[in-house]
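To start, the structure itself, in structure tokens.
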Amino acid sequence: MKQKFEAIIKYIISGGNGDELFAKINIPCEFRTEEDENASVARNLNAAFLVLLSGESHSLYNDALHYMENFGSHPSWEKTVCFYNEGIRLISSEISNRCYDSRAFEKELNDLYLWVDRGGGEEAVEKLRRVFFPEGVLLNEDRENSIRELRKKRKIDITSLNPSAITNPAKEILFSSNILVTVPSASKGIEGLPVSLSLKKMLEEVVKEDQIYWYDHPVPVGVPPGNNEVLYGLEGLDRAVGFEKERGTISREDRVICVLSVSVTHKGLQGIVKEYIEDELKKEKNIRHLEVYVFTEADTVRMIEDVIIPAAGRYSGAKEYGPVYEVIGVDGEYGRHYSFLKAVSAFWQVLVDPQIRGTFKIDLDQVFPQKELVAESGASAFEHLMTPLWGAEGVDSDGNDVELGMIAGALVNQKDIDKGLFTPDVCFPEGGTEADEIIFFSKLPQALSTEAEMMTRYTGDEYDGKESCIHRIHVTGGTNGITINALRKHRPFTPTFIGRAEDQAYILSVLFEGGRKLRYVHKDGLIMRHDKEAFAAEAVRAAASGKLIGDYIRTLMFSYYAEALPWPIEEIKDAIDPFTGCFVSKIPLTVVYLRFSLKLAFLLNQGTKEKDSEGLEFGLSGIRRLYEIIQKTRTNSLVEQFNNEKKGWDLFYDALDNTESGIKKGDPFALELKEKAAAIIDNCRINF
Numbered sequence: 294m295k296q297k298f299e300a301i302i303k304y305i306i307s308g309g310n311g312d313e314l315f316a317k318i319n320i321p322c323e324f325r326t327e328e329d330e331n332a333s334v335a336r337n338l339n340a341a342f343l344v345l346l347s348g349e350s351h352s353l354y355n356d357a358l359h360y361m362e363n364f365g366s367h368p369s370w371e372k373t374v375c376f377y378n379e380g381i382r383l384i385s386s387e388i389s390n391r392c393y394d395s396r397a398f399e400k401e402l403n404d405l406y407l408w409v410d411r412g413g414g415e416e417a418v419e420k421l422r423r424v425f426f427p428e429g430v431l432l433n434e435d436r437e438n439s440i441r442e443l444r445k446k447r448k449i450d451i452t453s454l455n456p457s458a459i460t461n462p463a464k465e466i467l468f469s470s471n472i473l474v475t476v477p478s479a480s481k482g483i484e485g486l487p488v489s490l491s492l493k494k495m496l497e498e499v500v501k502e503d504q505i506y507w508y509d510h511p512v513p514v515g516v517p518p519g520n521n522e523v524l525y526g527l528e529g530l531d532r533a534v535g536f537e538k539e540r541g542t543i544s545r546e547d548r549v550i551c552v553l554s555v556s557v558t559h560k561g562l563q564g565i566v567k568e569y570i571e572d573e574l575k576k577e578k579n580i581r582h583l584e585v586y587v588f589t590e591a592d593t594v595r596m597i598e599d600v601i602i603p604a605a606g607r608y609s610g611a612k613e614y615g616p617v618y619e620v621i622g623v624d625g626e627y628g629r630h631y632s633f634l635k636a637v638s639a640f641w642q643v644l645v646d647p648q649i650r651g652t653f654k655i656d657l658d659q660v661f662p663q664k665e666l667v668a669e670s671g672a673s674a675f676e677h678l679m680t681p682l683w684g685a686e687g688v689d690s691d692g693n694d695v696e697l698g699m700i701a702g703a704l705v706n707q708k709d710i711d712k713g714l715f716t717p718d719v720c721f722p723e724g725g726t727e728a729d730e731i732i733f734f735s736k737l738p739q740a741l742s743t744e745a746e747m748m749t750r751y752t753g754d755e756y757d758g759k760e761s762c763i764h765r766i767h768v769t770g771g772t773n774g775i776t777i778n779a780l781r782k783h784r785p786f787t788p789t790f791i792g793r794a795e796d797q798a799y800i801l802s803v804l805f806e807g808g809r810k811l812r813y814v815h816k817d818g819l820i821m822r823h824d825k826e827a828f829a830a831e832a833v834r835a836a837a838s839g840k841l842i843g844d845y846i847r848t849l850m851f852s853y854y855a856e857a858l859p860w861p862i863e864e865i866k867d868a869i870d871p872f873t874g875c876f877v878s879k880i881p882l883t884v885v886y887l888r889f890s891l892k893l894a895f896l897l898n899q900g901t902k903e904k905d906s907e908g909l910e911f912g913l914s915g916i917r918r919l920y921e922i923i924q925k926t927r928t929n930s931l932v933e934q935f936n937n938e939k940k941g942w943d944l945f946y947d948a949l950d951n952t953e954s955g956i957k958k959g960d961p962f963a964l965e966l967k968e969k970a971a972a973i974i975d976n977c978r979i980n981f
């Protein structure tokens, strides 16, 4: 099969034998060895990789091999050459193994080869995607039927609504969000920042460090208030609470608790970030209805060492606490702070306020459009959260008993809200297809899932929100919640190695666990307005290339994570397709290497110095991050890591369960832990 795969790659990179679809792809023309600027070398090495992947029959094979060998010992390009050479070896092995393991895949690859050998032509996208991206095949052809079928798959027949639904969100729900902080942009400098002199001096050292974590659009230290996502989101939540008071949903004296985690992109920011965030929030004069608590990594360590470890040692006799330190915290990949923001609500219920019964996460670039919610959905944000669907029980389309202990809403883009509250934030893509999108195009299943899952309304006989509803797999990082009863019973978590789509990874840890399966209920009308382009457009643009690289990493991590779970991969894929599941690939290394190299080829062939510079930065950053992840996943067992993290969370929840029992019995040790927890929480409170 090796030669057949090589022929397919040769067809793609050579412009598809003149097929209009491949008009922007002609890799041999990008292999110009006489050009020696950094961007040109990066372009040539990338082109050489694709030529070598096409096999010895390619006319430029020997030239590409020689060029790669020449730069293999160059101090500036050695790592790049290693990345590409390793890719050729890994892809060959992956394709061979997949053909051996799957007759169906072998047949699809052979059919594609025969089509290429005949000259290609019609239906190129569909033919190629059958091998590289089968989840995207045919999704564009019969959209309405695909939407109906996905809704049927997600249907829940309700056996009992929650008899004790939330009645006062202000007192019973702990709201949460994450703050992502990075260094000031290089173009802005440090000298003119509106921060203290001591902070400036520390920042001068931090900016010299390598970045260790990448987030979609982190807040740069010193950003103007009008572009500060933290202030924007808190002001929006505060206005929403004020609206609820005017509407009479909650009393005028109620204050809503909002817990914020703070994660940083550079290690040196850990010692700066709390002072900076506190200073920024204390300047805020418009927040009147919230109690805000900010947790840094140092605060989570105090939680572990002052409360969790003593409780585990006293009540369970535990002696090994490494897994707890690994899973509980806010720095690191997205998965770590996401799980913490859910778990802290259980800590709060046991040790601070037993009235708290649920937690609901928002993103700070989102706000509740209360007037539109009432006008178009008939309920305010808090009224939606009082639904008896949240915590209901039912039976899914496969006959499994389910507990709808989690809740998920939807988003509408700010620019689209005038069209109506129920306007999808992701629409089916129109227009041409780029080279890398032939290999992988998640916008298609994302649009389908958005329409089928997020836009479902309980207005008809089939889905009425009383006897039937749908459950969700595709959820967003904000606009979702979980009852603390379900949290403590099922103990879901996102592993710390998940750096993207942490929200969708959360349910995977317990996907088929237990007799009654935990699921998200879709709450129609629970919609937040997504405003990121309105106030953080610069931050979004600055993080665009990092986000795309994170998307590649997502394919690797989701594919390997799904294999590490204790259930058959076929059942997992069937449950989470089309959108979440499209990142679980049968050939993840092949897909990621091809996506990256075809995208880089496009970026480095735009013909301007500025575009070359952007492409070079994307290439070098991508190779560094991808190579690190590839090496890590090849040497570390995700099965072992998943099980280790599960032990950490079990220790955490067992400690809380035992402490709660001790408090009820009046155990002095448990009561002392409660006092220590109160001190930690009080230290995290922001006094406006």
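Take 294 as the starting number for the sequence shown in this note's numbering and just add one per residue. Here a beta-carbon is modelled for each residue, glycine too, at the ideal position from N, C-alpha and C. From a predicted model like this one, the values you see are computed outputs, not experimental measurements.
Range of the contiguous alpha helix (DSSP H) that encloses residue i
i, result
"D943", "931 to 957"
"C762", "Note, C762: premise wrong, no alpha helix (DSSP H); beta strand (DSSP E) at 761 to 765."
"K982", "The structure shown does not extend to residue 982, since the chain is modelled only from 294 through 981, so no value can be given for it."
"G628", "627 to 644"
"G615", "615 to 620"
"C720", "Per DSSP, C720 belongs to no alpha helix (DSSP H) and is neither H nor E."
"N363", "354 to 364"
Which listed residue (the options) has its alpha carbon closest to that of residue i
i, options, result
"P616", "F889, T789, M747, A868", "T789"
"T1054", "I710, D689, F588, F895", "Nothing about residue 1054 can be reported from this structure: the residues present for the chain run from 294 to 981 only."
"S469", "E349, V620, I649, G606", "I649"
"F980", "T452, V587, A340, N319", "According to the sequence provided, residue 980 is Asn. The question's Phe does not apply to it. The shortest Cα separation from N980 among T452, V587, A340, N319 belongs to V587."
"I865", "T680, D572, G414, L801", "L801"
"L913", "S890, T926, N937, T901", "S890"
"D691", "K448, S906, Y756", "K448"
"E401", "V430, E349, E676, I777", "V430"
"N339", "I763, K825, F376", "F376"
"G818", "E676, L697, Y627", "E676"
Buried or exposed (CB count within 10 angstroms, at least 16 for buried), residue i
i, result
"N363", "exposed"
"N898", "buried"
"Q707", "buried"
"K712", "exposed"
"I580", "buried"
"S954", "exposed"
"H367", "exposed"
"W860", "exposed"
"E1002", "The first residue shown for the chain is 294 and the last is 981, placing residue 1002 beyond what the model contains."
"N355", "exposed"
"N521", "buried"
"Y393", "exposed"
Inter-residue Cα distance where the pair is residue i and residue j
i, j, result
"A685", "F653", "17 Å"
"G941", "N337", "47 Å"
"L473", "I459", "30 Å"
"G915", "Y854", "21 Å"
"I301", "F426", "15 Å"
"L583", "T373", "50 Å"
"V932", "I869", "20 Å"
"C977", "D509", "25 Å"
"E464", "G651", "Position check: residue 464 holds Lys in this sequence, whereas Glu was assumed. Cα to Cα, K464 sits roughly 10 Å from G651."
"E921", "G843", "13 Å"
"T743", "F715", "11 Å"
"E484", "L657", "28 Å"
"P517", "R847", "32 Å"
Beta-carbon proximity list for residue i, same chain, < 6 Å, skipping 5 on both sides
i, result
"Y614", "I602"
"V803", "H783, P785, L811"
"R918", "I842"
"R422", "G429, V430"
"Q659", "G771, M821, H823"
Neighbourhood of residue i by C-beta, 8 Å cutoff - its chain only, sequence neighbours within 5 removed
i, result
"L741", "L432, R436, S439, I440, L443, F721, P871, F872"
Close Cβ partners of residue i (< 7 Å) along its chain, the five nearest in sequence each way excluded
i, result
"W408", "K420"
Residue range of the beta strand (DSSP E) that includes residue i
i, result
"K448", "448 to 453"
"Y586", "583 to 588"
"T776", "773 to 776"
"D709", "Per DSSP, D709 belongs to no beta strand (DSSP E) and is neither H nor E."
"V885", "V885 -> not in any beta strand (DSSP E); alpha helix (DSSP H) instead, spanning 881 to 896."
"S686", "The question names Ser, yet the displayed sequence has Glu at residue 686. Element bounds for E686: 686 to 689."
Chain B within 8 Å of residue i, Cβ atoms only
i, result
"V374", "Of the protein chains in the structure, only one exists, and it is not chain B."
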